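So the structure is just underneath, and the comments pick up after that.
Here it is in structure tokens:
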């Protein structure tokens, strides 16, 4: 089973995912994911798609470059991880994180993509 689900609650009840521009996006992933290979973390190679009209377009596409210090991949079952958009929106290369509807894209082993459910980003208060 391959899946991405959001770990977002309000008042103890599950709610539709709503994040502010400054939030970390917390997802729960299941699948054989490609990791970034950094020494001290188990961060998947990930990116984001943005809803533009009726279509989903790569907004901050996943980077497929791995470091050589850590594990290159892992099999995750309901593994919770915080994804931080600014880590892939490199100054001068990425796009600004702005309000709208998005979804997470995590790279899987075998060059496949795992696409998560939509979530909404709003201005920070």
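Numbering (my numbering), first residue to last: 42 to 166. No residue lacks a Cβ here, since even glycine has one placed at the ideal position from N, Cα and C. Keep in mind the model is a prediction, meaning the values are calculated, not measured.
- Query: In three-state terms, what does DSSP make of residue 126?
  - Reply: Reduced to three states, the DSSP call for residue 126 is helix.
- Item | Same chain only: Cβ atoms within 7 Å of residue 119, ignoring 5 sequence neighbours per side | Answer for residue 119: 69 and 71, listed in chain order.
- Message: If we require 3 or more residues per run, which beta strand (DSSP E) segments fall completely within the region 53 to 104?
- Response: If we require 3 residues or more, the beta strand (DSSP E) runs fully inside the region 53 to 104 come out as 59 to 61, 66 to 75, 87 to 93 and 96 to 101.
- Message: Can you look up residue 153 in the DSSP assignment and give me helix, strand or coil?
- Response: strand
- Task: Could you tell me the boundaries of the beta strand (DSSP E) in which residue 46 lies?
- Result: Note, residue 46: beta strand (DSSP E), 44 to 47.
- Message: Going by beta-carbon coordinates alone, are residue 88 and residue 101 separated by less than 7 Å?
- Response: Inclusion of residue 88 and residue 101 in the CB contact set at 7 Å is warranted, their separation being smaller than that value.
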